Amino acid sequence: MPLFDPITSPQNPRIKNLLKLQQKSSERRAQGLTIIEGLRELTIARGAGIEVAALFVCSELAGAGRQQQLRELVANSVTDWFEVSKAVFEKVAYREGSDGVLALVKPPLLTLEQLPLPAAPLLLVLEAVEKPGNLGAILRTADAAQATAVVVCDPRTDLFNPNAIRSSIGCSFTVPTVATTRAELLAWCRKHGIRTYAAALTEQAVAYTTCNFRGPTALVMGTEADGLTPELRQACDHTIIIPMRGAIDSLNVSTATAILTFEAVRQRENQVPAS
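Quick note on numbering: the sequence shown equals residues 3 to 277 in the numbering used here.
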């Protein structure tokens, strides 16, 4: 792989560009790139077929063993390798205790029509998600449950925000993820016979345990601050709740999504075979 002179100045143009990509979604969109920090996350992304455009490695932090793993990880690919001093790396690292590995990758950009659908898809739908940490946690749930896809309607953060990738521990790349609009999602679900279940605190809502999630299903979640918009909630086929037994009336959206998702998984694993 190509090697370059070590980068020892924070004024280096490549370092300045890394900071732009970290901080601005507009730059990530314009360049078609995002950042993965950490060998574990990068290994998961590579396992999902993601190509690495460039590596920025701090030998002092990464150590010989981790660097050898990196070389094996990107073997037979055209990947630029930049050695970065510890002082400079600490300026571009976006988490504490970094392992000295940072990669530039081209994320996959899918549309709804490109999603491969099994006979009974299980979709996790998020409306206007704005916290990368919540998005990352939900992607981890989707990966663990082997959900068909995560669909984000009218997102307020881009799907491959570096902090979302970090929170997902790389599952941003193992789960098909699509950004779309509310109208497009609803039309697409109707076209494919996918039943939509809006999680919302309303008088009409029924307990999630009374619902049948064995067929084509979309679990539709809103933001913690505002919940679902009335337009999306009313357009869904069903409204469901997770009954609360204490003083609070709701859960963190990533926790609620996990509960609903694994109820769907439980039901699907316990289907009675057709006679």
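For glycine and all other residues, C-beta sits at the position ideal for the given N, C-alpha and C.
Small disclaimer: the values here were computed from a predicted structure and weren't measured.
Cα-Cα separation, residue i to residue j
i, j, result
"residue 113", "residue 69", "36 Å"
"residue 125", "residue 35", "26 Å"
"residue 188", "residue 198", "8 Å"
"residue 101", "residue 222", "36 Å"
"residue 275", "residue 214", "The predicted model places residue 275 with a pLDDT of 46, which falls under 50 and marks its position as unreliable; any figure quoted below should be read in that light. Going by the C-alpha atoms only, they are around 16 Å apart."
"residue 224", "residue 239", "16 Å"
"residue 158", "residue 31", "14 Å"
"residue 273", "residue 9", "57 Å"
"residue 64", "residue 228", "42 Å"
"residue 177", "residue 110", "11 Å"
"residue 20", "residue 37", "8 Å"
"residue 200", "residue 130", "14 Å"
"residue 257", "residue 74", "36 Å"
"residue 7", "residue 180", "38 Å"
"residue 164", "residue 24", "7 Å"
"residue 17", "residue 148", "36 Å"
"residue 33", "residue 161", "15 Å"
"residue 190", "residue 236", "16 Å"
"residue 85", "residue 155", "39 Å"
"residue 134", "residue 27", "12 Å"
"residue 72", "residue 194", "42 Å"
"residue 175", "residue 262", "22 Å"
"residue 59", "residue 270", "44 Å"
"residue 118", "residue 220", "15 Å"
"residue 14", "residue 183", "39 Å"
"residue 66", "residue 78", "20 Å"
Contact set for residue i: own chain, Cβ-Cβ below 6 Å, skip 5 residues either direction
i, result
"residue 116", "none"
"residue 54", "76, 81, 105 and 107"
"residue 255", "136, 223 and 226"
"residue 138", "166, 169 and 170"
"residue 41", "68, 101 and 103"
"residue 250", "none"
"residue 123", "150 and 218"
"residue 128", "154 and 223"
"residue 44", "38 and 105"
"residue 277", "Any reading at residue 277 needs caution, since the residue's pLDDT is 31, under 50, leaving its predicted position unreliable; the model's value is listed next. So the list is empty, once near-sequence residues are dropped."
"residue 12", "90 and 93"
Nearest-angstrom beta carbon gap, residue j and residue i [assumed within contact, 8 Å]
i, j, result
"residue 244", "residue 253", "7 Å"
"residue 309", "residue 152", "As displayed, the chain neither begins before 3 nor continues past 277, which places residue 309 out of reach and without an answer."
"residue 142", "residue 173", "5 Å"
"residue 230", "residue 202", "5 Å"
"residue 196", "residue 218", "4 Å"
"residue 22", "residue 62", "About 25 Å; that fails the 8 Å criterion."
"residue 96", "residue 39", "6 Å"
Close Cβ partners of residue i (< 7 Å) along its chain, the five nearest in sequence each way excluded
i, result
"residue 248", "none"
"residue 265", "210, 211 and 215"
"residue 207", "241, 242 and 243"
"residue 132", "158, 159 and 225"
"residue 204", "241"
Close-in-space but distant-in-sequence residues of the same chain around residue i (CB under 8 Å, 5 per side omitted)
i, result
"residue 120", "150"
Short CB-CB distance (under 9 Å) between residue i and chain C
i, result
"residue 22", "Judged by its chain identifiers, the structure shown contains no chain C, having just a single protein chain."
Segments of 4+ residues assigned as alpha helix (DSSP H) that fall wholly inside the segment 5-64: 15-25, 27-33 and 41-49
Of all the beta strand (DSSP E) runs that stay within the bounds of the segment 113-186, which reach a length of 3 or more residues? 124-129, 151-155 and 179-182
Which residue spans inside the segment 74-117 form an unbroken alpha helix (DSSP H) run of at least 4? 88-94
Do the segment 83-96 and the segment 45-54 meet, that is, are 3 or more Cβ pairs less than 8 Å apart? no
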